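Report on the following structure.
Protein chains: 2
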Amino acid sequence: ATGDGDGKNTKKPVADPGSEAGSMLAGFQTEKIMRESSREKNIFIHGKMGSGPNEGQDAVLILEKTPFREDSLAELFKTSELKLQMRNDIYSTYHMHPPAHLNDIKATVVCPATEKHIKKYQSQELFLIQESGEDYRNITLPYIQEQSFSVQWVYNILEKKAEADRIVFEDPDPQNGFVLLPDFKWDQKQLDDLYLIAICHQREIKSLRDLTREHLPLLQNIQQQGQEAIMKRYSVPSCRLRVYLHYQPSYYHLHVHFTVLGYEAPGCGVERAHLLSDVIQNLQTDTQHYRTRTLTYPLRADDALLHKLREAGRF
Amino acid sequence: ATGDGDGKNTKKPVADPGSEAGSMLAGFQTEKIMRESSREKNIFIHGKMGSGPNEGQDAVLILEKTPFREDSLAELFKTSELKLQMRNDIYSTYHMHPPAHLNDIKATVVCPATEKHIKKYQSQELFLIQESGEDYRNITLPYIQEQSFSVQWVYNILEKKAEADRIVFEDPDPQNGFVLLPDFKWDQKQLDDLYLIAICHQREIKSLRDLTREHLPLLQNIQQQGQEAIMKRYSVPSCRLRVYLHYQPSYYHLHVHFTVLGYEAPGCGVERAHLLSDVIQNLQTDTQHYRTRTLTYPLRADDALLHKLREAGRF
Numbered sequence: 040a041t042g043d044g045d046g047k048n049t050k051k052p053v054a055d056p057g058s059e060a061g062s063m064l065a066g067f068q069t070e071k072i073m074r075e076s077s078r079e080k081n082i083f084i085h086g087k088m089g090s091g092p093n094e095g096q097d098a099v100l101i102l103e104k105t106p107f108r109e110d111s112l113a114e115l116f117k118t119s120e121l122k123l124q125m126r127n128d129i130y131s132t133y134h135m136h137p138p139a140h141l142n143d144i145k146a147t148v149v150c151p152a153t154e155k156h157i158k159k160y161q162s163q164e165l166f167l168i169q170e171s172g173e174d175y176r177n178i179t180l181p182y183i184q185e186q187s188f189s190v191q192w193v194y195n196i197l198e199k200k201a202e203a204d205r206i207v208f209e210d211p212d213p214q215n216g217f218v219l220l221p222d223f224k225w226d227q228k229q230l231d232d233l234y235l236i237a238i239c240h241q242r243e244i245k246s247l248r249d250l251t252r253e254h255l256p257l258l259q260n261i262q263q264q265g266q267e268a269i270m271k272r273y274s275v276p277s278c279r280l281r282v283y284l285h286y287q288p289s290y291y292h293l294h295v296h297f298t299v300l301g302y303e304a305p306g307c308g309v310e311r312a313h314l315l316s317d318v319i320q321n322l323q324t325d326t327q328h329y330r331t332r333t334l335t336y337p338l339r340a341d342d343a344l345l346h347k348l349r350e351a352g353r354f
Numbered sequence: 040a041t042g043d044g045d046g047k048n049t050k051k052p053v054a055d056p057g058s059e060a061g062s063m064l065a066g067f068q069t070e071k072i073m074r075e076s077s078r079e080k081n082i083f084i085h086g087k088m089g090s091g092p093n094e095g096q097d098a099v100l101i102l103e104k105t106p107f108r109e110d111s112l113a114e115l116f117k118t119s120e121l122k123l124q125m126r127n128d129i130y131s132t133y134h135m136h137p138p139a140h141l142n143d144i145k146a147t148v149v150c151p152a153t154e155k156h157i158k159k160y161q162s163q164e165l166f167l168i169q170e171s172g173e174d175y176r177n178i179t180l181p182y183i184q185e186q187s188f189s190v191q192w193v194y195n196i197l198e199k200k201a202e203a204d205r206i207v208f209e210d211p212d213p214q215n216g217f218v219l220l221p222d223f224k225w226d227q228k229q230l231d232d233l234y235l236i237a238i239c240h241q242r243e244i245k246s247l248r249d250l251t252r253e254h255l256p257l258l259q260n261i262q263q264q265g266q267e268a269i270m271k272r273y274s275v276p277s278c279r280l281r282v283y284l285h286y287q288p289s290y291y292h293l294h295v296h297f298t299v300l301g302y303e304a305p306g307c308g309v310e311r312a313h314l315l316s317d318v319i320q321n322l323q324t325d326t327q328h329y330r331t332r333t334l335t336y337p338l339r340a341d342d343a344l345l346h347k348l349r350e351a352g353r354f
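Quick mapping for you: the protein sequence lines, in order, are chains U and Y.
Using the working numbering, you'd call the opening residue of the first sequence number 40 and step up by one each time.
Using the working numbering, you'd call the opening residue of the second sequence number 40 and step up by one each time.
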């Protein structure tokens with residue numbers, strides 16, 4: 040949901056399917072539509088609960104239409120009412136009204152919601168940054184250093200202190216080795232949204248910006264052994280895999296994304312993703328490529344780095 | 040729907056909202072699920088009509104959940120049944136059952152559907168191609184030339200024989216000039232999916248592969264004047280615009296895509312899109328960049344170019 044491609048989410052809710060809620064949203068008062076997607080058929084609403092134990096409290100309400108289920112299609116056809124909307128030659132469109140139980144909506148309520156929760160779901164304007172090599176050294180690098188973002192959870196994985204059972208492949212070499220494991224967004228139940236992450240054992244590489252020709256063996260190793268391991272475990276060949284880095288990454292320890300072609304993974308857009316095969320070619324041509332090039336990337340309006348760049352008059 | 044980013048669609052269906060269709064799908068026999076997206080909540084089904092004038096005929100049925108409508112939210116809250124699914128701390132999720140008229144499905148029927156229609160909607164596996172400069176000259180370029188794809192519709196636009204009223208901006212210079220107009224996928228009703236195309240007046244540039252340093256004035260002109268024109272007409276500043284080329288393009292006459300950041304336009308993924316700002320930097324560094332580099336791109340399983348590459352043992 041963060042669009043990061045590799046955020047961690049450890050919250051494990053407890054199911055409680057027996058309870059009833061009836062019409063607890065009946066008096067819900069909408070204050071603001073925070074975000075909506077007509078493509079994904081969802082909407083994020085900030086409002087106040089109208090009845091029940093949380094009456095008058097701030098809430099975030101997330102509504103999302105549910106996917107079609109193959110096993111209920113026959114019943115859907117049998118029991119739905121159709122209204123013709125338009126007809127032209129062999130094409131016709133209809134409004135279809137299925138019975139309620141075949142067409143539910145998933146509703147998520149966060150209540151009481153604090154300012155922070157509300158901010159989290161608020162859609163933020165994005166700004167495209169053109170960061171020169173100099174901008175990186177003068178603004179971005181000092182910002183990363185002063186924030187000293189923790190990557191302890193990454194070290195826990197590399198040291199097998201956490202998620203050891205999730206590891207799909209490991210090359211333990213301290214220089215060119217890496218660990219390959221499923222991204223948290225992938226539930227591993229189907230291959231259409233296959234998403235794995237390779238995390239290198241070397242701890243000194245923050246991002247694309249640190250890469251030089253000396254890292255070519257590491258990068259080539261991740262590409263080749265990562266692809267082979269995915270073929271072996273999931274039978275997905277390399278010609279079906281999109282292999283790329285993010286810049287900016289969501290954490291500053293070098294990692295590589297493997298997603299299946301045809302799955303529009305969050306963060307695989309041209310404004311943030313860099314194909315590993317292009318990175319390798321660029322470094323082969325010029326070892327200074329990622330130190331000197333102007334790199335383009337998006338930042339959210341509330342990103343502290345955006346404010347740093349703005350203060351420096353670079354935006 | 041083709042995922043091209045710039046396909047043409049001239050079919051204009053005639054509305055006929057008065058008619059009723061009742062339960063015409065009641066006996067629909069599913070033969071195959073051709074494609075489905077749980078993210079977009081749609082499904083494409085091949086089957087046979089069960090009743091009515093087209094009984095027994097092949098049909099393609101497309102079902103899609105509809106987006107939420109802000110103006111009916113209050114009624115939705117008031118009239119929907121909720122069933123608690125799980126609760127954990129401040130988070131709870133529900134199954135929500137709204138009355139049918141607040142939750143319709145858009146159904147599209149293509150009937151009778153020929154083999155060709157069915158093939159069109161069938162999801163095709165994608166393959167990632169690594170095309171060297173040599174592959175381009177030996178396989179791809181001869182293929183493009185022997186196909187002699189028509190770009191007459193592009194010339195019609197450039198000569199004002201078609202779509203003249205849609206032009207947002209023009210620089211008539213024959214060398215560095217271009218025409219800017221909305222892409223057909225953008226209905227221009229809202230800015231969240233803003234999508235424009237710049238088509239250059241020069242007719243000799245087929246794609247990225249033909250670009251050299253001599254084209255820098257053209258490319259810089261498209262970037263600068265295109266961004267200015269979009270700011271002037273739509274008040275969307277350049278830091279909100281993703282400006283890129285496709286490789287492979289869907290037609291072989293140089294054109295540049297302008298889409299708004301935050302809109303995941305089809306074809307803006309790293310495996311097909313090339314940021315214009317990167318293209319300019321690459322050519323500034325090396326005039327031969329796009330003649331010599333290995334370029335990565337996806338092809339559908341049924342693409343004739345894929346078969347050519349396979350015949351040549353390159354895949």
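Glycine included, each C-beta is placed from N, C-alpha and C at the ideal position.
This structure is a prediction, so every number in the text was calculated from the model and none was measured.
Inter-residue distance for L115(Y) and I84(U) is about 13 angstroms (C-alpha atoms, whole angstroms). Across the segment 111-130 of chain U, CB contacts with chain Y closer than 9 angstroms involve L112, A113, L115, F116, K117, T118, S119, E120, L121, K122, L123, Q124, M125, R126, N127, D128, I129 and Y130, in sequence order along the chain.
The beta carbon of F217(Y) lies closer than 7 angstroms to those of D210, A237, I238, C239, H240 and I261 in the same chain, with the five residues before and after it left out. Secondary structure remark: continuous beta strand (DSSP E) runs of at least 3 residues inside the segment 159-240 of chain Y, in chain order: 165-170, 208-210, 217-221 and 234-239. Here D204(Y) is exposed: its Cβ has fewer than 16 other Cβ atoms, across all protein chains shown, within 10 Å.
Rounded to whole angstroms, the separation of the alpha carbons of A340(U) and R176(U) is 22 angstroms. Bridge partners of F297(Y) according to DSSP: L235(Y) and V282(Y).
For the 7 angstroms CB-CB criterion, Y329(Y) and L250(Y) form a contact.
DSSP, read as helix, strand or coil, puts G352(U) in coil. The closest CA to that of L280(U), considering only H294(U), Y290(U) and Y234(U), is found on Y234(U).
Q287(Y) sits buried, since 16 or more C-beta atoms from the chains shown fall within 10 Å of its C-beta. Neighbours of L233(Y) across chain U, judged by C-beta separation under 7 angstroms, do not exist; the nearest C-beta is about 13 angstroms away. When secondary structure is reduced to three states using DSSP, R74(Y) falls in the strand class.
Excluding residues up to 5 positions away in sequence, L258 lie with their Cβ nearer than 6 angstroms to the Cβ of I319(Y) in the same chain.
Remark: fewer than three beta-carbon pairs, one from each stretch, lie closer than 8 angstroms, so the segment 141-150 of chain Y and the segment 157-166 of chain U are not flagged as touching. When only Cα atoms are considered, A152(U) and A343(Y) end up about 54 angstroms apart. Closest in alpha carbon position to I244(Y), among E310(Y), G172(Y) and V190(Y), is V190(Y). Neighbours of D204(Y) in chain U, taken as residues at a C-beta separation under 9 angstroms, are lacking, since the least C-beta distance is about 23 angstroms. T69(U) is a Cβ neighbour of G86(U), given a cutoff of 7 angstroms.
Nearest in C-alpha terms to G352(Y), of all of D174(Y), Q96(Y) and G91(Y), is D174(Y). For N195(U), the closest C-alpha among the options Q327(U), N81(U), D325(U) and H292(U) is that of H292(U).
The residue among L100(U), E185(U) and L141(U) with its C-alpha nearest the C-alpha of K159(U) is L100(U).
Put simply, of Q96(Y), M270(Y) and P92(Y) the residue whose alpha carbon is nearest the alpha carbon of I157(Y) is Q96(Y). Burial state of F188(U) is exposed, judged by a 10 Å Cβ sphere holding fewer than 16 other Cβ atoms. Where H328(U) is concerned, the enclosing alpha helix (DSSP H) starts and stops at H328 to T331. Under the criterion of beta carbons closer than 8 angstroms, L197(U) and V207(U) do not qualify as touching, at roughly 14 angstroms.
Apart from the 5 residues on each side of it in sequence, T132(U) sits with its Cβ closer than 7 angstroms to the Cβ of Q124 and M125 in its chain, given in chain order.
Closer than 7 angstroms to the CB of V99(U) there is not a single CB belonging to chain Y.
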